[in-house]
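Numbering (my numbering), first residue to last: 5 to 154.
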């Protein structure tokens, strides 16, 4: 019984992911922060990649796009659509964490914008450290560009 338990625990340990916070302090952004955010969002792995990204002065919106259907009826056309959207307001972000994730499925950097209470607002998967750091810099620059609250 102990041997079976040992093998099961070893298999579980091999499939587990390891998330390690990196010691990165945001620096000056190199380029247009909106373009950096848009590019990095679209370059996520297929299962995480949004169908659309909209970067504005106040927020970044991303999601599964619009799924619609149309049909002809006796009185004309009937159309319905659905959108699965995440909207990340820069003003809500108090901190942006950068995690280094290694698992059997691959190596990724995960950027986690967080609120002042520590609530995670999103997970953004980035393939290399330089792009992950540029993404953090871009989010911080967009937040810094906001006008002061009234």
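Glycine included, every Cβ here is placed at the ideal spot set by N, Cα and C.
Would you say residue i and residue j are within 8 Å of each other, going by their C-beta atoms?
{"i": "residue 127", "j": "residue 114", "result": "yes"}
{"i": "residue 120", "j": "residue 98", "result": "yes"}
Please look up how many angstroms separate the CB atoms of residue i and residue j, rounded, as I've assumed it's under 8 Å.
{"i": "residue 100", "j": "residue 117", "result": "5 Å"}
{"i": "residue 94", "j": "residue 147", "result": "4 Å"}
{"i": "residue 57", "j": "residue 45", "result": "4 Å"}
{"i": "residue 41", "j": "residue 22", "result": "So it is not a contact: roughly 27 Å between Cβ atoms."}
Could you check the C-alpha separation between residue i and residue j for me, to the nearest Å?
{"i": "residue 141", "j": "residue 68", "result": "25 Å"}
{"i": "residue 153", "j": "residue 61", "result": "14 Å"}
{"i": "residue 124", "j": "residue 66", "result": "16 Å"}
{"i": "residue 105", "j": "residue 28", "result": "15 Å"}
{"i": "residue 37", "j": "residue 143", "result": "7 Å"}
{"i": "residue 26", "j": "residue 133", "result": "10 Å"}
{"i": "residue 14", "j": "residue 50", "result": "Because the pLDDT of residue 14 is 49, which lies under 50, any placement of that residue in the model is unreliable, and the number read from its coordinates should be weighed accordingly. Cα-Cα distance, rounded: 29 Å."}
{"i": "residue 24", "j": "residue 111", "result": "12 Å"}
{"i": "residue 150", "j": "residue 131", "result": "29 Å"}
{"i": "residue 48", "j": "residue 96", "result": "23 Å"}
{"i": "residue 31", "j": "residue 87", "result": "34 Å"}
Go ahead and label residue i buried or exposed: buried means 16 or more other beta carbons lie within 10 angstroms of its beta carbon, across all protein chains shown.
{"i": "residue 138", "result": "buried"}
{"i": "residue 108", "result": "exposed"}
{"i": "residue 129", "result": "buried"}
{"i": "residue 102", "result": "buried"}
{"i": "residue 54", "result": "buried"}
Given 7 Å as the limit, tell me if residue i has its C-beta closer than that to any heavy atom belonging to the ligand COA.
{"i": "residue 150", "result": "Inclusion of the ligand COA in the displayed structure is not the case, the ligand content being empty and no account of it being possible."}
| beta strand (DSSP E) segments (min. 3 residues) lying fully within the region 116-144 | Assignment of beta strand (DSSP E) within the region 116-144, counting only whole runs of 3 or more residues, yields 128-130 in chain order.
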